[in-house]
Amino acid sequence: MKLFINKNYLIHLVILFSLVLLLFIASLAAAENSLVLTGNLLLHSTAADFAGGSMEGTVPGQTGQGAVELAQAGGKYISAGTYTSIPVATAPFQEMIISWNSTTPDGTAVTIEGQVLVDNAWSEWFSWGTWSTSVETGSAATNPKHPYISMETDTLTIKNGKKATAFRYRLTLYSNNPQVTPAVRQVAVSIRDGQNIPKVYPPTPALSDYAQLTKDLAVPTYSQTVRDPNIAARMCSPTSLAMVMRYYGIEKTPEETAWGVMDHVGDMFGNWPFNTAYAASNGLTAYVDFFNSLSDLKREIAQGHPVIAAVSYRNSENVPTSYPVLHNAPIKSTPGHVLVVRGFMQKDGKEYVLVNDPAAPDNNSVYREYLADEFEKAWTKAVYVITPGNVPGPALQRIPAQVAPFGSVREDKDGLYRIFQINTANSPLALGSDNLRCIVMQKPDGKEEFLPVNNDFIRFNAENPAGKYRFIVIGKNHKIYEASLDWPPEKTSKPRR
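Sequential numbering from 1 applies to the sequence shown in the UniProt record's numbering.
Written as structure tokens, this is what we have:
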């Protein structure tokens with residue numbers, strides 16, 4: 001027997017369900033002074049957004065469109081202060097990620113926390129860690145023990161069939177220099193409950209307008225496999241981020257990006273909010289979000305925004321894992337990987353997602369085409385959304401240095417050579433492993449080499465091709481130095497005996 005259901009009846013049923021959900025959320029909001037979130041993403045980035053929260057030792061700032069900064073006493077910034085958002089009522093959810101955009105001059109830092117409402121009771125505060133561009137920081141070393149809430153580095157999860165129905169966040173700002181303050185200019189909170197919470201966008205253009213999108217953004221390529229061998233295997237996220245930043249005109253090597261996003265507590269380069277915080281510290285606007293479908297990706301691509309996406313895959317049905325199959329992927333399998341979505345195309349009646357996959361064996365093979373239906377299964381729906389910003393990141397500028405000869409031309413069994421040291425402020429920069437993370441040497445032909453950090457000198461001889469060399473020196477003090485050398489600096493002749 002066939003069952004016929006009137007189409008109008010279904011439409012009315014959906015509308016009724018939506019109204020009930022909105023009334024439920026509104027009732028939560030009425031219980032205490034709170035916002036009501038429609039969709040799954042809260043973005044606070046203006047003075048009006050932050051105005052509803054509670055400030056203790058903090059004040060509204062002028063950075064960007066509005067920010068939270070430390071208060072002053074006697075013309076000097078106090079050492080610490082907090083900002084607590086008002087509660088935000090939501091549809092029921094099980095996962096939450098907080099990300100932020102901030103400016104953290106030398107001697108400053110920010111700590112980010114969140115709490116959720118489950119069964120009409122607020123949880124303890126859970127920490128996303130402490131962030132700074134000037135000192136070693138990281139995710140929280142410890143978080144509260146809870147029977148059905150867990151915190152894993154950057155994602156809060158509600159378990160055991162429970163769901164949260166509201167959240168709020170708290171910022172703690174620190175400064176050990178009374179002349180400067182950190183400034184938090186954006187906070188993003190993304191939630192999900194499977195795919196049951198729809199994204200909310202302006203009514204035009206509609207997502208359906210992107211159904212047949214054909215667009216390929218010119219995102220530069222970096223392969224993580226040819227980078228600093230000491231960290232190359234762990235660099236998919238910062239390598240992807242370096243590609244997107246370069247697309248926006250911000251040149252950072254994958255290595256300086258990696259050490260810029262480093263979570264020193266978790267010992268990882270893949271802390272998602274730290275990656276977006278680093279992008280924001282370089283003047284971009286960035287946040288972590290949960291998307292629901294390829295249409296969400298297409299919306300960003302159509303606006304000229306490449307998207308960094310998290311995936312899990314195997315590249316063949318013959319690989320003995322349960323990960324989704326993604327043909328043409330550069331590695332056999334991965335439980336967790338990050339790449340850049342740069343576009344979409346139609347070919348032979350099939351849709352393809354165009355990506356820059358940093359796991360490729362070299363820069364020339366980073367461009368990949370993945371079948372859209374396979375990619376959608378491999379994609380975890382977590383993304384970094386990165387767009388142009390209007391706030392510079394002065395704390396992350398490279399410090400000019402000079403390459404200076406040390407002594408005269410020398411000779412050993414391999415022939416003539418010359419040694420150089422790198423000076424900053426007219427004093428030698430210690431190039432040993434106690435002080436440096438990495439030295440990237442960019443050669444005249446555009447190729448890069450990673451110099452050992454085991455002595456205080458750089459050696460050049462006749463085997464070094466003539467031309468301009470550039471050195472990017474990554475210090476453990478969170479400083480990046482840049483120097484250049486025209487080789488040979490002078491005609492090299494055999495020294496006198």
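Ideal Cβ positions, reconstructed from N, Cα and C, are used throughout, including at glycine.
| query | result |
| --- | --- |
| I need the DSSP call for Y278, collapsed to helix, strand or coil. | helix |
| For P358, count the other beta carbons within 10 Å of its own beta carbon; 16 or more makes it buried, fewer makes it exposed. Which is it? | buried |
| If we count Cβ pairs, one from each stretch, closer than 8 Å, do we get three or more for the stretch 204-218 versus the stretch 74-94? | no |
| Exposed or buried, Q303, counting other C-beta atoms within 10 Å across all chains shown (16 or more means buried)? | exposed |
| Along the alpha helix (DSSP H) that carries L241, what are the first and last residues, could you check? | C236 to Y247 |
| Under 7 Å Cβ to Cβ from N464, same chain only, skipping five residues before and after it: list those, please. | W487 |
| Measure the beta-carbon distance from A483 to F471 and round it to whole angstroms, keeping in mind my assumption that it falls under 8 Å. | 5 Å |
| State the CB to CB distance for the pair V338 and A378, rounded to an integer number of angstroms; the pair is presumed to be in contact (CB under 8 Å). | V338 to A378, Cβ: 12 Å. No contact. |
| Based on DSSP bridge pairs, tell me the residues matched to A286. | I386 |
| Given a threshold of 16 other Cβ atoms within 10 Å of its Cβ, counted over all protein chains shown, does A239 qualify as buried or as exposed? | Strictly speaking, residue 239 in this sequence is Thr, with Ala absent from that position. Looking at its Cβ environment, which holds 16 or more other Cβ atoms inside 10 Å, T239 is buried. |
| Classify H478: buried if its beta carbon has 16 or more other beta carbons within 10 angstroms, exposed otherwise. | buried |
| Can you say whether S273 is buried or exposed, counting buried as having 16 or more other CB atoms within 10 angstroms of its CB? | The sequence shown places Pro at residue 273, rather than the Ser named in the question. Classification of P273: buried, given that the 10 Å Cβ count is 16 or more. |
| Going by other Cβ atoms of all chains shown within 10 Å of its Cβ, with 16 needed for buried, is Q186 buried or exposed? | buried |
| Could you give the first and the last residue of the continuous alpha helix (DSSP H) run that contains I301? | L294 to A302 |
| Below 8 Å, how does it come out for the stretch 288-302 and the stretch 156-166: are there three or more Cβ pairs, yes or no? | no |
| According to DSSP, simplified to helix, strand and coil, what is H429? | Note that residue 429 is Leu in the sequence shown, not His. Of the three classes helix, strand and coil, the one that applies to L429 here is coil, per DSSP. |
| Compute the distance between the beta-carbons of T387 and N101, then report whether it is under 9 Å. | no |
| Identify whether G260 lies in helix, strand or coil by the three-state DSSP scheme. | helix |
| Under a three-way DSSP split, which group does T111 fall into? | strand |
| DSSP three-state label for N318, please. | coil |
| Given a threshold of 16 other Cβ atoms within 10 Å of its Cβ, counted over all protein chains shown, does G389 qualify as buried or as exposed? | buried |
| Inspect the beta-carbon positions of L297 and I191 and report whether they are closer than 9 Å. | no |
| Is it buried or exposed, R437, if we count other Cβ atoms within 10 angstroms and call 16 or more buried? | buried |
| If we count the other Cβ atoms within 10 Å of its Cβ and call it buried at 16 or more, is F457 buried or exposed? | exposed |
| Quick test of the definition: if touching needs 3 or more C-beta pairs under 8 Å, does the stretch 193-204 touch the stretch 72-82? | no |
| Taking Cβ positions, are S85 and A109 nearer each other than 9 Å? | no |
| If you run the structure through DSSP and keep just helix, strand and coil, what is S208? | helix |
| With a cut-off of 8 Å on the beta carbons, I'd call Y247 and L284 a contact; round off their distance for me. | Contact doesn't hold; Cβ gap of about 10 Å is too wide. |
| Using the DSSP secondary-structure output, state which residues sit across from N423 in a beta bridge. | Q402 and P428 |
| By how many angstroms is the C-alpha of V341 removed from the C-alpha of N271? | 19 Å |
| Would S237 and V366 qualify as a contact pair, given that the criterion is a beta-carbon distance under 9 Å? | no |
| My understanding is that residue 526 touches E69, with C-beta atoms under 8 Å, so please give their C-beta distance in whole angstroms. | Given a span of 1 to 497 for the chain in the structure shown, any question on residue 526 remains unanswerable. |
| Quick check on the burial criterion: 16 or more other C-beta atoms within 10 angstroms. Buried or exposed for G53? | buried |
| Among all the DSSP beta bridges, which residues are the ones paired with Y469? | L485 |
| Give the straight-line distance between the Cα atoms of G260 and L41, rounded to the nearest whole angstrom. | 26 Å |
| For P254, which of helix, strand or coil comes out of DSSP? | helix |
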